[in-house]
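Q: Questions regarding the structure given below will be posed in turn.
In our numbering, the protein residues as written are -12 to 174.
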């Protein structure tokens, strides 16, 4: 009976190992192990799909991602976004210590986030801005002027602000004698 349990445990372990390998192979994420010189030690098959060819072990990752510099993050755990060939990638990194390599290795997990980064950048570049414009010392500046002079100054002030708002394609509204609101799209 104990042999039956041992065989079952061994079979379950084998199945879990096979499923883990299958999951690593089918993830839509590139997984790399690199040495301190950014040389490829191991990768999953997603890298082959992304590059269209299988890179040789020992290849420096700058050959396919020239903008990726690991020096500032070496030995740390974290994440960053980098771009290459008009694509954006989320890089998650963590050190992998080994007994045979004194400099250690780094595990890199790379996900293509081009669509979400482009959306974020597009949304940020089209943000709606809202502002208050208040004329300082408004009452003091108009004090002692005739009604015609006051009207002329108010007209000129409104005209200048209106031209400025029009140049920004903005909405401008006077809400008090010395207070305006402006709404426009960031350009």
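Positions of the beta carbon are idealized from the N, C-alpha and C atoms, including for glycine. If you're wondering where the values come from, they're calculated on a predicted model, not measured in any experiment.
Measuring only the C-alpha atoms, how far is residue 149 from residue 162?
A: If you take the alpha carbons of residue 149 and residue 162, they lie about 14 Å apart.
Q: Just tell me which of 155, 166 and 19 has its CA closest to the CA of residue 82.
A: Residue 82 has its Cα closest to that of 19, out of 155, 166 and 19.
Q: Looking at C-alpha atoms only, which residue of 101, 46 and 80 is the closest neighbour of residue 73?
A: Closest by alpha carbon: 101.
Q: Check whether the stretch 134 to 147 touches the stretch 94 to 111, counting contact only when three or more Cβ pairs, one atom from each stretch, lie closer than 8 Å.
A: Result no; under three Cβ-Cβ pairs closer than 8 Å.
Q: Which residue's Cα is closest to the Cα of residue 34: 169, 56, 76 and 103?
A: Measuring from the Cα of residue 34, the nearest candidate turns out to be 76.
Q: Measuring straight from C-alpha to C-alpha, what distance separates residue 63 and residue 44?
A: For residue 63 and residue 44, the distance between alpha carbons rounds to 23 Å.
Q: With distances taken Cα to Cα, identify the nearest neighbour of residue 16 among 25, 30 and 26.
A: The option with the nearest alpha carbon to residue 16 is 30.
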